[in-house]
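Beneath this line is the structure, given in structure tokens, with notes to follow.
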Amino acid sequence: MRSHYCGDLNESHIGQQIELYGWAHRRRDHGGVIFIDLRDRNGIAQIVFDPDTVEAFAQAERVRSEFVLKITGLVRARPEGTTNDDMPTGQVEVLGKNLEVLNASETPPFPLDGYTDVGEDVRLNYRYLDLRRPEMQEKLILRSKITSSIRNSLDQQGFLDIETPILTRATPEGARDYLVPSRTHPGSFFALPQSPQLFKQLLMVSGIDRYYQVAKCFRDEDLRADRQPEFTQIDIEASFIEEDEVMSITEKMVRQLFTQVMDVDLGDFPKIPYSEAMSRYGSDKPDLRNPMELVDVDDLMRQVEFKVFNGPANDPEGRVAALRVPGGAKLSRKDIDVYTKYVSIYGARGLAYIKVNKLEDGLEGLQSPILKFIPDEIVTQLIERTEVEDGDLIFFGADSAKIVNEALGQLRVKLGIELELLTKEWAPCWVVDFPMFEKNNDGNWTSLHHPFTAPTCSPEELVKDPGAALSQAYDVVLNGTELGGGSIRIHQAEMQNAVFEVLAIDDEEAQDKFGFLLDALKYGCPPHGGLAIGLDRLVMLMTGASSIREVIAFPKTQTAACVLTSAPSPVEDKQLKELNVRVRKPVEADKPKD
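Every number in the working numbering is 384 more than the matching position in the sequence shown, counting from 1.
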């Protein structure tokens with residue numbers, strides 16, 4: 385079969401007879417000479433056919449886009465002035481001697497030989513054609529290299545690759561399960577795993593010591609722009625280990641990955657406590673490429689008469705924060721209105737600002753509709769605290785701490801990109817010391833991570849004051865994207881029962897849902913912890929893709945459907961009867977009366 389891949393040809397092959405296989409990427413007829421760009425997984429080679437090779441030339445005349453070809457010929461240097469430095473194979477070409485059409489092709493529904501702004505629904509419907517495009521193949525090739533690097537790194541650190549079940553039981557992990565009816569157990573259901581969490585903990589009880597898996601996970605979540613119902617994560621767990629060791633293993637793996645695959649040194653992974661991340665960046669996944677930070681000004685606003693500021697400043701649940709935008713004074717009123725509308729998505733009712741035109745002119749060098757509501761001395765202190773310079777702008781958020789953090793945190797990200805304020809290409813960090821619990825809208829406690837995360841306090845302290853408890857949890861963040869997270873796990877039944885008590889999970893419910901884990905904790909469970917990294921997100925960042933759908937071979941749409949295979953789809957009544965399942969049709973909305 386083939387002697388070389390198209391993309392591997394270079395000047396060292398000049399004079400060699402070769403055999404290539406691939407698709408006709410582009411065909412050009414130039415004054416009696418036919419050029420065919422032949423494409424395979426590794427790249428493109430230019431093939432030249434002239435009329436002297438009569439049979440091959442005749443075949444080349446009938447070739448069209450995406451025909452599958454076998455070509456034999458002689459590698460030669462391109463004539464002077466015709467080289468292409470933008471192509472890896474641009475110094476050579478192949479003089480075609482024989483051409484065999486292995487399969488013809490209909491005209492593709494969209495061009496594959498260049499960028500075309502075609503709708504994603506069309507691309508996904510013809511995904512097998514979309515994946516032929518070089519940029520898509522490059523992403524999947526890089527994904528394969530990333531997975532191999534991660535496996536090698538974990539193998540070298542003594543981890544064992546062990547598969548855990550896909551058919552398991554439903555467990556409350558934050559999202560809805562995908563359920564699978566059982567034919568052999570009428571009325572009962574398996575669930576597809578949201579993560580291998582419980583099984584990897586059981587592997588630690590089993591003495592495996594170090595486990596990893598490139599694991600498929602499934603979550604029947606509400607529709608979101610960049611989520612998939614099935615996704616892949618790098619799952620890690622180890623025994624007799626502490627937080628710092630888990631982070632060290634992860635850093636080594638990620639550093640090695642970026643060095644090997646991208647020749648990039650990620651530098652330090654600073655650790656930022658959760659409370660500090662929220663205070664400085666308004667986010668638990670801060671983008672440290674962005675130099676802007678939120679500055680608390682509650683104390684300055686408590687005495688001002690301006691209710692927009694003094695209300696939240698005097699509210700224990702409120703916050704008033706300032707965001708200095710370098711060079712932001714150039715923003716027009718129209719620009720500011722656009723950003724005001726943007727923060728309203730996160731519940732902000734407005735976006736106050738001060739433009740700093742010229743500091744040496746004092747208050748006369750400032751421009752803002754809110755200056756008349758704030759005493760001069762407070763304005764002076766604001767200028768000093770935010771350390772602004774000429775040409776800067778200060779945005780203010782004043783509301784509940786949650787709204788201010790979300791609104792200014794997201795605005796910070798948006799401004800950093802749109803005003804080109806980012807100072808580096810890559811910026812990793814750890815976020816640590818998360819709260820153990822947070823309150824639902826109904827006032828009940830829920831786990832911030834999951835109920836198997838170990839707290840930093842005793843069981844008695846946990847039950848006495850759940851809101852003060854911190855967890856031994858940690859998230860790894862890169863460029864403002866959470867790559868993954870993990871924790872030290874609970875390994876003693878007493879602590880696990882205390883967590884269940886705070887979460888209002890009684891003994892009967894705990895035994896019904898987690899009895900197998902609680903029983904395992906009684907038999908010498910070692911201290912253990914781990915982490916999971918979202919492979920799809922990681923590949924998306926490393927390839928510069930705009931969506932995780934770009935780095936998954938056959939993704940689902942935003943409505944969790946596969947347009948290529950028309951899944952999900954109805955099944956025959958016979959299958960439903962075998963599964964003891966009856967389908968209830970959705971109730972139609974009431975029709976308006978005439």
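We put the beta carbon where it would ideally sit given N, CA and C, even for glycine. In this text, all values refer to a predicted model and were calculated from it rather than measured experimentally.
Thinking C-beta only, is residue j closer than 8 Å to residue i?
{"i": "Ala-945", "j": "Ala-937", "result": "no"}
{"i": "Lys-739", "j": "Ser-752", "result": "yes"}
{"i": "Gly-914", "j": "Ile-620", "result": "yes"}
{"i": "Ala-791", "j": "Val-692", "result": "no"}
{"i": "His-834", "j": "Gln-585", "result": "no"}
{"i": "Val-459", "j": "Gly-406", "result": "no"}
{"i": "Ala-599", "j": "Gln-578", "result": "no"}
{"i": "Leu-707", "j": "Tyr-723", "result": "no"}
{"i": "Ala-713", "j": "Gly-775", "result": "yes"}
{"i": "Tyr-737", "j": "Leu-777", "result": "yes"}
{"i": "Asn-509", "j": "Val-965", "result": "no"}
{"i": "Val-452", "j": "Asn-426", "result": "no"}
{"i": "Ala-888", "j": "Leu-846", "result": "no"}
{"i": "Phe-884", "j": "Gly-851", "result": "no"}
At the level of alpha carbons, what is the spacing between residue i and residue j?
{"i": "His-397", "j": "Phe-419", "result": "19 Å"}
{"i": "Tyr-858", "j": "Gln-895", "result": "28 Å"}
{"i": "Cys-909", "j": "Glu-547", "result": "20 Å"}
{"i": "Glu-627", "j": "Gly-868", "result": "14 Å"}
{"i": "Leu-404", "j": "Leu-587", "result": "48 Å"}
{"i": "Pro-970", "j": "Gln-612", "result": "24 Å"}
{"i": "Tyr-907", "j": "His-875", "result": "10 Å"}
{"i": "Lys-786", "j": "Asn-824", "result": "13 Å"}
{"i": "Pro-463", "j": "Glu-395", "result": "13 Å"}
{"i": "Thr-807", "j": "Asp-652", "result": "15 Å"}
{"i": "Lys-669", "j": "Tyr-726", "result": "20 Å"}
{"i": "Asp-978", "j": "Arg-733", "result": "Reliability fails at Asp-978, whose pLDDT of 48 lies under 50, so the model's placement of it is uncertain and no value is given."}
{"i": "Val-763", "j": "Asp-721", "result": "23 Å"}
{"i": "Val-589", "j": "Arg-873", "result": "12 Å"}
{"i": "Gln-540", "j": "Ile-550", "result": "27 Å"}
{"i": "Ala-440", "j": "Pro-939", "result": "40 Å"}
{"i": "Arg-603", "j": "Ser-931", "result": "18 Å"}
{"i": "His-388", "j": "Asp-436", "result": "25 Å"}
{"i": "Asp-424", "j": "Gly-498", "result": "15 Å"}
{"i": "Arg-446", "j": "Arg-560", "result": "54 Å"}
{"i": "Leu-795", "j": "Ser-659", "result": "19 Å"}
{"i": "Arg-511", "j": "Glu-892", "result": "48 Å"}
{"i": "Asp-606", "j": "Leu-766", "result": "42 Å"}
{"i": "Glu-450", "j": "Thr-491", "result": "8 Å"}
{"i": "Asp-469", "j": "Glu-866", "result": "38 Å"}
{"i": "Leu-715", "j": "Lys-848", "result": "51 Å"}
{"i": "Val-417", "j": "Glu-484", "result": "18 Å"}
{"i": "Ser-760", "j": "Phe-779", "result": "Here residue 760 is Asp; the residue named in the question, Ser, does not match the sequence. About 18 Å."}
{"i": "Leu-641", "j": "Arg-594", "result": "20 Å"}
{"i": "Trp-829", "j": "Gln-942", "result": "31 Å"}
{"i": "Pro-580", "j": "Tyr-596", "result": "10 Å"}
Am I right that residue i and residue j are in contact with their C-beta atoms under 8 Å? What's the rounded C-beta distance?
{"i": "Met-637", "j": "Leu-526", "result": "Contact flag wrong, Cβ pair sits at about 17 Å."}
{"i": "Pro-812", "j": "Val-860", "result": "7 Å"}
{"i": "Leu-544", "j": "Ile-592", "result": "6 Å"}
{"i": "Gly-457", "j": "Ile-402", "result": "7 Å"}
{"i": "Val-679", "j": "Thr-770", "result": "5 Å"}
{"i": "Trp-814", "j": "Met-520", "result": "The pair is not a contact, with the Cβ atoms about 33 Å apart (cut-off 8 Å)."}
{"i": "Val-432", "j": "Val-478", "result": "7 Å"}
Could you pull out every residue in the same chain whose Cβ sits closer than 8 Å to the Cβ of residue i, ignoring the five residues on either side in sequence?
{"i": "Leu-645", "result": "This sequence places Val at residue 645; Leu is not what is there. Cβ neighbours of Val-645 beyond the five flanking positions: Leu-526, Lys-529, Ile-530, Ser-533 and Met-926."}
{"i": "Arg-686", "result": "Asn-694, Ala-697 and Asn-698"}
{"i": "Ile-428", "result": "Cys-390, Gly-391, His-409, Asp-421, Leu-422, Met-471, Thr-473 and Pro-518"}
{"i": "Lys-523", "result": "Val-923, Thr-927, Ala-929, Glu-934 and Val-935"}
{"i": "Glu-689", "result": "Phe-757"}
Leaving out the 5 sequence neighbours to the left and right, which residues in its chain are closer than 6 Å to residue i when beta-carbon positions are compared?
{"i": "Asp-682", "result": "Ala-697 and Val-704"}
{"i": "Leu-582", "result": "Leu-901"}
{"i": "Thr-837", "result": "Ser-855, Ala-857 and Ser-871"}
{"i": "Phe-615", "result": "Cys-601 and Asp-920"}
{"i": "Asn-789", "result": "Met-662 and Gly-666"}
{"i": "Thr-467", "result": "Gly-474 and Gln-475"}
Within 8 Å (strictly less), CB to CB, does residue i reach chain B?
{"i": "Gly-711", "result": "Reference to chain B is not applicable here, since this structure consists of a single protein chain."}
Who are the near neighbours of residue i in its chain, counting only those whose CB is closer than 7 Å to its CB and skipping five residues on each side?
{"i": "Leu-963", "result": "Pro-565 and Arg-567"}
{"i": "Pro-710", "result": "Asp-776 and Leu-805"}
{"i": "Arg-386", "result": "Glu-403, Leu-404 and Tyr-405"}
- prompt: Are the segment 695-707 and the segment 801-817 touching by the rule of at least three beta carbon pairs closer than 8 Å?
  reply: no
query: For the 8 Å Cβ check, are there 3 or more pairs between the segment 668-682 and the segment 565-575?
result: no
- prompt: Just checking, does the segment 660-667 make contact with the segment 897-914 on the three C-beta pairs under 8 Å criterion?
  reply: no
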